[in-house]
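Peer 1: Here's a structure for you.
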Amino acid sequence: MTTWEYAPAPESRDTAGLRSSYGMFIDGAFTGGAATFKSVNPADEEVLAEVAEAGPADVDRAVTAARTAYDRFWSKLPGRERAKYIFRIARLIQERARELAVLESLDNGKPIKESRDVDIPLAAAHFFYYAGWADKLEYAGLGPGPRPLGVAGQVIPWNFPLLMASWKLAPALATGNTCILKPAETTPLTALVLADICRQADLPPGVVNVLPGAGATGQALVEHPGIDKVAFTGSTAVGKEILRKIAGTPKSVTLELGGKAANIIFDDAPIDQAVEGIVNGIFFNQGHVCCAGSRLLLQESIADEVISSLKRRLKTLRLGDPLDKNTDIGAINSAEQLARIVELTDAGDAAGATRWSPECALPDRGYWFAPTVFTDVSQSHRIAREEIFGPVLSVLTFRTPAEAVDKANNTPYGLSAGIWTDKGSRILWMAQRMRAGVVWANTFNRFDPTSPFGGYQESGFGREGGRHGLAAYCAH
Amino acid sequence: MVVESARDDAPAGVDAQQLRRTLFGLSGVDQVGAHARAAALATRSIKKDAKVWALRRAVQMIDLTTLEGADTPGKVRALCAKAQRPDPADPTVPPVAAVCVYPDLVETAVTALRGSPVAVASVATAFPSGRASPATRLADVGDAVAAGAGEIDMVIDRGAFLVGRFNRVYDEITAVKAACGPARLKVILETGELSTLDNVRRASWLALSAGADFIKTSTGKVSPAATPAVALVMLEAVRDFADRTGQQRGVKLAGGIRAAKEAVRYLVMVKEVAGEDWLTPDLFRLGASSLLNDLLMQLTKECTGVYSGPDYFTLD
Numbered sequence: 001m002t003t004w005e006y007a008p009a010p011e012s013r014d015t016a017g018l019r020s021s022y023g024m025f026i027d028g029a030f031t032g033g034a035a036t037f038k039s040v041n042p043a044d045e046e047v048l049a050e051v052a053e054a055g056p057a058d059v060d061r062a063v064t065a066a067r068t069a070y071d072r073f074w075s076k077l078p079g080r081e082r083a084k085y086i087f088r089i090a091r092l093i094q095e096r097a098r099e100l101a102v103l104e105s106l107d108n109g110k111p112i113k114e115s116r117d118v119d120i121p122l123a124a125a126h127f128f129y130y131a132g133w134a135d136k137l138e139y140a141g142l143g144p145g146p147r148p149l150g151v152a153g154q155v156i157p158w159n160f161p162l163l164m165a166s167w168k169l170a171p172a173l174a175t176g177n178t179c180i181l182k183p184a185e186t187t188p189l190t191a192l193v194l195a196d197i198c199r200q201a202d203l204p205p206g207v208v209n210v211l212p213g214a215g216a217t218g219q220a221l222v223e224h225p226g227i228d229k230v231a232f233t234g235s236t237a238v239g240k241e242i243l244r245k246i247a248g249t250p251k252s253v254t255l256e257l258g259g260k261a262a263n264i265i266f267d268d269a270p271i272d273q274a275v276e277g278i279v280n281g282i283f284f285n286q287g288h289v290c291c292a293g294s295r296l297l298l299q300e301s302i303a304d305e306v307i308s309s310l311k312r313r314l315k316t317l318r319l320g321d322p323l324d325k326n327t328d329i330g331a332i333n334s335a336e337q338l339a340r341i342v343e344l345t346d347a348g349d350a351a352g353a354t355r356w357s358p359e360c361a362l363p364d365r366g367y368w369f370a371p372t373v374f375t376d377v378s379q380s381h382r383i384a385r386e387e388i389f390g391p392v393l394s395v396l397t398f399r400t401p402a403e404a405v406d407k408a409n410n411t412p413y414g415l416s417a418g419i420w421t422d423k424g425s426r427i428l429w430m431a432q433r434m435r436a437g438v439v440w441a442n443t444f445n446r447f448d449p450t451s452p453f454g455g456y457q458e459s460g461f462g463r464e465g466g467r468h469g470l471a472a473y474c475a476h
Numbered sequence: 001m002v003v004e005s006a007r008d009d010a011p012a013g014v015d016a017q018q019l020r021r022t023l024f025g026l027s028g029v030d031q032v033g034a035h036a037r038a039a040a041l042a043t044r045s046i047k048k049d050a051k052v053w054a055l056r057r058a059v060q061m062i063d064l065t066t067l068e069g070a071d072t073p074g075k076v077r078a079l080c081a082k083a084q085r086p087d088p089a090d091p092t093v094p095p096v097a098a099v100c101v102y103p104d105l106v107e108t109a110v111t112a113l114r115g116s117p118v119a120v121a122s123v124a125t126a127f128p129s130g131r132a133s134p135a136t137r138l139a140d141v142g143d144a145v146a147a148g149a150g151e152i153d154m155v156i157d158r159g160a161f162l163v164g165r166f167n168r169v170y171d172e173i174t175a176v177k178a179a180c181g182p183a184r185l186k187v188i189l190e191t192g193e194l195s196t197l198d199n200v201r202r203a204s205w206l207a208l209s210a211g212a213d214f215i216k217t218s219t220g221k222v223s224p225a226a227t228p229a230v231a232l233v234m235l236e237a238v239r240d241f242a243d244r245t246g247q248q249r250g251v252k253l254a255g256g257i258r259a260a261k262e263a264v265r266y267l268v269m270v271k272e273v274a275g276e277d278w279l280t281p282d283l284f285r286l287g288a289s290s291l292l293n294d295l296l297m298q299l300t301k302e303c304t305g306v307y308s309g310p311d312y313f314t315l316d
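One line per chain: the protein sequences are A and E, in this order. Just so we're aligned: 48 in the working numbering is position 48 of the first sequence, and the numbers increase by one with no gaps anywhere. Just so we're aligned: 33 in the working numbering is position 33 of the second sequence, and the numbers increase by one with no gaps anywhere.
The following block contains the structure:
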């Protein structure tokens, strides 16, 4: 062997405890449905399991169960008692972490190192964090005696299936709401294991219900007159549709939608770490991240240096089997998403941007897209304006800090931004001017349950995480 | 520019202002980011064939070292025997790169290693503190080279570096380089005393510009010695130096590396940061002593499937 190739290091698939069929979780029990759909492994297009699809009647049953649980039990329980259940869920997630990580990588296509080191630990951390708030709501700065809203309908996306479920359930439960969660149709499995964990934790029936299904299920849930709160994470188009549907109803709503974040590198930035930040910003989770740093803004004086360092770094990324512990880039979650990425990158070519990808063999089966960098991109190109939600970076340049601010803010979105410079005063100056809910300085895509997350403008409203995350589930 | 003049036998007395501007013009190192990157590289899972390759290659990269006041010719001869045939039970295990000793024991090592591919390296320049007059430090180098050392591990004057007298450090390295003649020069930065990663990057660049064939982390006498973040910054420095000048220089990590697992992690870092080119004893070394037996133990385990006890490996 003249060069050193890493041998395959696959995590055992058996750990996932995959079953051939999964039911929906209503009123503390798993039940079948009138219809089913298949969940597919995006890495090889094999069917993983048949999953019950919740119809309008199931939504009705779930709302009734959640309402009953709310009225009779959960809303009356003292915070410290609610906390015990939530702590128990957090511990059970840790105990079943390996099972959840492997199942998440199978169902979603993300690399096992990410599900193992990011998704699952953060999911547990969210439950731990909000469990701690449950008996301290009086002191959360939400006014005297914050009250729960009632029954929450929560619709989540496929990019971080278990983590998004945790972001929704943990604060809702801590504040005394009951929940009906609708996981994404392509990634329902870990949410159903989480339902099993709720059962294992002796959470009273009806407090958490999980309804797998597609858009129709989500729509039936959101429009159901029996719910008090809608929390949605997903595309801006669907977010707008939800707002139209619930306008004029008394339902509370929070939306966490798309993004087209600028990652801004100044000429005094620590270049090697900035290159890592760029990679982590757009190639983490195959770029399926709403706050991904998809627009790289480089100061012109260092643009060539950074681009060549970035290209060298991208050549070391390993694309392939999501269950291999050395995989950096996994599979695209669905054929539909792959088509969207292809369409937008083709538009980049057509507009005259220069496409570059490292040499990288794509597997024959499954949905794959090589890490891609577009240079010579203008603000007016579609790849600089629309959310691609894939491993595709658009590189733009700027000359002065003021120009960086203008370009970064020149988007209908406003979820996140990154600033890279060694100069502390410039970080503060820039951060004040960024119209983005999250601003990272000399890092990117770092998440913590104590830190609020959410957007401006077409990236939605409301915050998840931190003390602010409680406000989304309290009447005040 | 300093880099270009370095190899043209620039007259002693480098322009102090220009050198300072060059070093302070280097891109900074964000400590949190560097630690995160080093930690991420440490999660690579190296199995089966890849592991055997790495263990064998790590053996070939070892500078088998003894630097004790109690060293004797007998001890050095024993080490030399081990260096040539690390595992008496398995002749396929390759010899190590070099044996590293104090200058007065170079002759013993040269005799013991005659005819073998193992090089003799000697620490010099008033190792480990470097606190002696320039003349004494150079004489130390001269002794070691005259006794036959093929590689010289010098220490820089950390005091001069920390007070910003970069030109003094630079001039000293060029003087030692000249005294080395054909011997290869490894420049020990003693990163544990430089403290910040920005300093590590600047000292690395300074030493490379002044003609170091290798930059080396530590003497082994100061804690912390080689750490993943320091190794990362030094590997980035040689990579960038090669980009800028076309010259590939080496990195030597020394001090505190005892487990085969750590050695394999460092090889991953070499591969993914500097590049495959650096996966050779010409460009990467591990200064160690007890590491060798752990590598042998892991190699045996990979071949036989079971761990054997420490009694099956020689203590030298």
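Ideal Cβ positions, reconstructed from N, Cα and C, are used throughout, including at glycine. Predicted model only: the values in this text are computed from it and were never measured.
By alpha-carbon positions, which one of Arg426/A, Lys423/A, Gly418/A, Arg446/A ends up nearest to Ala436/A?
Peer 2: Of Arg426/A, Lys423/A, Gly418/A, Arg446/A, the residue nearest in Cα terms is Gly418/A.
Peer 1: Go ahead and pull the three-state DSSP assignment for Ala409/A.
Peer 2: Position check: residue 409/A holds Asn in this sequence, whereas Ala was assumed. Looking at Asn409/A - three-state DSSP - the assignment turns out to be helix.
Peer 1: Output yes if chain E places a C-beta closer than 8 Å to the C-beta of Glu359/A; else output no.
Peer 2: Not closer than 8 Å to any Cβ of chain E, the Cβ of Glu359/A fails to qualify, so no.
Peer 1: Within 10 angstroms of the Cβ of Lys76/A, are there 16 or more other Cβ atoms? Answer buried if so, exposed if not.
Peer 2: Exposed: under 16 other Cβ atoms inside 10 Å.
Peer 1: What whole-angstrom Cβ distance do Gly176/A and Trp74/A have, given they're in contact under 8 Å?
Peer 2: So it is a contact: roughly 6 Å between Cβ atoms.
Peer 1: Out of curiosity, what's the CA-to-CA distance linking Val169/E and Arg202/E?
Peer 2: Near 12 Å, if we compare the C-alpha coordinates of Arg202/E and Val169/E.
Peer 1: Where do the ends of the alpha helix (DSSP H) carrying Lys82/E lie?
Peer 2: Segment 73-84, the alpha helix (DSSP H) holding Lys82/E.
Peer 1: The alpha helix (DSSP H) that contains Leu23/E, what's its start and end?
Peer 2: Unbroken alpha helix (DSSP H) run through Leu23/E: 16-24.
Peer 1: Would you tell me roughly how many angstroms separate the C-alpha atoms of Val2/E and Ile152/E, rounded to the nearest one?
Peer 2: In this predicted model, Val2/E has a pLDDT of only 46, less than 50, meaning its place in the structure is not dependable; the value taken from the coordinates is given anyway. Roughly 23 Å separates the two Cα atoms.
Peer 1: Could you tell me whether the stretch 309-327 of chain A touches the stretch 397-404 of chain A, using the rule of 3 or more Cβ pairs below 8 Å?
Peer 2: The answer is no - the stretch 397-404 of chain A does not touch the stretch 309-327 of chain A, with fewer than three Cβ pairs under 8 Å.
Peer 1: Which residue marks the beginning of the beta strand (DSSP E) containing Cys198/A, and which one marks its end?
Peer 2: Where Cys198/A is concerned, there is no enclosing beta strand (DSSP E), although the alpha helix (DSSP H) it sits in stretches over 189-200.
Peer 1: What is the DSSP secondary structure of Ser223/E, reduced to helix, strand or coil?
Peer 2: Here Ser223/E sits in coil by DSSP.
Peer 1: For Ser218/E, which of helix, strand or coil comes out of DSSP?
Peer 2: Correct three-state label for Ser218/E: coil.
Peer 1: Check Glu386/A in the structure and name its three-state DSSP category.
Peer 2: Coil, per DSSP.
Peer 1: Exposed or buried, what is Ser294/A when buried is set at 16 or more other beta-carbons lying within 10 Å of its beta-carbon?
Peer 2: Result: buried.
Peer 1: With a 10 Å radius around its C-beta and 16 neighbouring C-beta atoms as the bar for buried, classify Thr304/E as buried or exposed.
Peer 2: By the neighbour-count rule (16 or more Cβ atoms within 10 Å), Thr304/E is not buried but exposed.
Peer 1: Return the CA-CA distance between Cys100/E and Pro10/A, expressed in angstroms with no decimal places.
Peer 2: When rounded, the distance between both Cα atoms is 40 Å.
Peer 1: Alpha carbon to alpha carbon, how far is Pro188/A from Ala231/A? Give it in angstroms, no decimals.
Peer 2: If you take the alpha carbons of Ala231/A and Pro188/A, they lie about 17 Å apart.
Peer 1: Can you give me the C-alpha to C-alpha distance between Leu106/A and Gln273/A, rounded to a whole angstrom?
Peer 2: If you take the alpha carbons of Leu106/A and Gln273/A, they lie about 31 Å apart.
Peer 1: Taking DSSP as the reference, what is the three-state secondary structure of Glu464/A?
Peer 2: DSSP places Glu464/A in strand when its eight states are reduced to three.
Peer 1: Could you check the C-alpha separation between Thr108/E and Leu283/E for me, to the nearest Å?
Peer 2: Going from the Cα of Thr108/E to the Cα of Leu283/E covers about 26 Å.
Peer 1: For Ser12/A and Glu114/A, I'd like the C-alpha separation in whole angstroms.
Peer 2: Roughly 16 Å separates the two Cα atoms.
Peer 1: Can you pull out the residues from the stretch 169-202 of chain E whose beta carbon lies closer than 8 Å to at least one beta carbon of chain A?
Peer 2: Correct list: empty, as no residue qualifies.
Peer 1: I'd like to know whether the C-beta of Arg37/E is nearer than 8 Å to at least one C-beta of chain A.
Peer 2: Yes, Arg37/E counts as interfacial toward chain A.
Peer 1: Measuring CB to CB, does Tyr6/A end up less than 8 Å from Ala50/E?
Peer 2: Yes, they are a contact pair.
Peer 1: At which residue ranges does the stretch 325-412 of chain A contain complete beta strand (DSSP E) runs of 3 or more residues, listed in the order of the chain?
Peer 2: Fully enclosed beta strand (DSSP E) runs of 3 or longer: 354-356, 372-375, 392-398.
Peer 1: Are the C-beta of Ile46/E and some C-beta of chain A separated by less than 8 Å?
Peer 2: Yes, because at least one Cβ of chain A sits closer than 8 Å to the Cβ of Ile46/E.
Peer 1: Anything in the stretch 4-28 of chain A with a Cβ closer than 8 Å to a Cβ of chain E? List those residues in chain order, please.
Peer 2: Residues Trp4, Glu5, Tyr6, Ala7, Pro8, Ala9.
Peer 1: Enumerate in chain order the residues of its own chain whose CB-to-CB distance from Gly234/A is below 6 Å, with the five nearest sequence positions on each side excluded.
Peer 2: Result list for Gly234/A: Pro157, in chain order.
Peer 1: Mapping the DSSP letters down to three states, classify Arg7/E as helix, strand or coil.
Peer 2: Any answer about Arg7/E is weak, because its pLDDT of 40 lies below 50 and its placement is not dependable; what the coordinates show is given next. In this structure, Arg7/E counts as coil in the three-state DSSP scheme.
Peer 1: Closer than 8 Å, CB to CB, is Asn326/A near chain E or not?
Peer 2: Closer than 8 Å: yes.
Peer 1: Would you mind stating whether Ala179/E and Lys216/E have Cβ atoms separated by less than 8 Å?
Peer 2: It is not a contact, given that the beta carbons lie outside the stated cut-off.
Peer 1: Leaving aside the five residues before and after Arg184/E along the sequence, list all residues of the same chain whose C-beta is less than 8 Å from its C-beta, in chain order.
Peer 2: Taken in chain order, the residues that qualify are Gly150, Glu151, Ile152, Asp213, Phe214.
Peer 1: So which residues of chain A does Gly25/E contact, with C-beta pairs closer than 7 Å?
Peer 2: Under the 7 Å cutoff, chain A gives no residues; its nearest Cβ is about 10 Å from Gly25/E.
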